[in-house]
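J.: For the working numbering, add 1456 to where a residue sits in the sequence shown, where the first one is 1. Here a beta-carbon is modelled for each residue, glycine too, at the ideal position from N, C-alpha and C. I'd like to ask some things about the structure below.
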Amino acid sequence: MFKWLQNIWNSEPQTTIILKKEDPMKKFLIIGLGNPGAKYTETRHNIGFKVLDEIASLKEASFETLKLGDVASIKHKGKSVILLKPNTFMNLSGKAIKYYMKQEGIDIENILVITDDLNLPFGTLRMKAKGTDGGHNGLKDTQITLNTPKYPRLRFGISNTFSSGRQVDYVLGEWNKEEQKDLPERLSTTADMALSFTHAGLANTMNQYNGK
């Protein structure tokens, strides 16, 4: 009798079910760069936030203010996707990105940073697997914090139609009337492109969307 009970006792740990962590290849982090606060909402520099708002709207998701940012969780074609709008201000974007990568167990190849780009015509989209910061403070801090320039990013062109010495005013300025008219379609395409990254992969998404 004692031996029978002992066998049951010894076998108990073997029958304990340990929940597997989600497959890391099915989990993604999409980050939109911008500055928090109502006065920045419609500025060119906040296009990353606008794209994430578009994705959340498509997926009927809402953002919750958590540590270092506003966060929403969605599902897309079998993938789990975290949407992150850092509230650290642009120059410290990397801090929030690194925190949520670690918190959610997301590998660097499964993150996508969405940002504005002065060197591209308005609305032009370009996704890359790596690159320089191009003078963008949000990308610069991300590269320093992650200690690598090798992370996927999606650049949204805002053009460079500003006079000498007016760059800051331009990027922190609001869209002009012509841009406002075309922005909804551009946001929709950019949201589709970002979601494509999570299921079609980087190379296929680049081939389909880059330059559009």
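Nearest by alpha-carbon distance to Lys1551: which of Leu1595, Ala1494 and Asn1660 is it?
T.: Ranking Leu1595, Ala1494 and Asn1660 by CA distance to the CA of Lys1551 puts Leu1595 first.
J.: If you compare alpha carbons, which of Leu1576, Gly1525 and Asp1648 is closest to Lys1736?
T.: Because the chain in this structure spans residues 1457 to 1668, residue 1736 falls outside the shown range and cannot be described.
J.: Taking the CB atoms as reference points, tell me whether Ile1570 and Ile1486 lie closer together than 8 Å.
T.: yes
J.: What separation, rounded to the nearest whole angstrom, lies between the Cα atoms of Gly1667 and Ser1619?
T.: 25 Å
J.: To the nearest angstrom, how far is it from the Cα of Asn1682 to the Cα of Leu1581?
T.: Since the displayed the chain opens at 1457 and closes at 1668, residue 1682 lies outside it and no answer follows.
J.: Can you look up Pro1577 in the DSSP assignment and give me helix, strand or coil?
T.: coil
J.: Classify Ser1652: buried if its beta carbon has 16 or more other beta carbons within 10 angstroms, exposed otherwise.
T.: buried
J.: Who are the Cβ neighbours of Val1624 in its own chain at under 7 Å, not counting the five residues just before and after it?
T.: none
J.: Just to confirm my understanding: we take Thr1654, look at its own chain, exclude 5 residues before and 5 after, and list those with CB closer than 7 Å. What are they?
T.: These residues qualify, in order along the chain: Phe1484, His1532, Lys1535 and Val1537.
J.: Grouping DSSP H, G and I as helix and E and B as strand, with all else coil, what is Pro1640?
T.: helix
J.: Pick out the complete alpha helix (DSSP H) segments inside the stretch 1586-1616, 4 residues or longer, and give them in chain order.
T.: 1593-1602
J.: For Met1583, write down the residues that DSSP places opposite it in a beta bridge.
T.: DSSP output for Met1583 lists Leu1610 as bridge partner(s).
J.: Smallest Cα separation from Ile1511: which of Thr1645, Asn1663 and Glu1520?
T.: Thr1645
J.: Mapping DSSP to helix, strand and coil, what is Gly1629?
T.: coil
J.: Rounded to whole angstroms, how far is the Cβ of Leu1508 from the Cβ of Gly1488, which I believe are closer than 8 Å?
T.: 4 Å
J.: Using alpha carbons as the reference points, say which of Asp1572, Ala1656, Asp1597 and Thr1598 lies closest to Gly1613.
T.: Asp1572
J.: Along the beta strand (DSSP E) that carries Glu1520, what are the first and last residues, could you check?
T.: Glu1520 to Leu1522 is the extent of the beta strand (DSSP E) around Glu1520.
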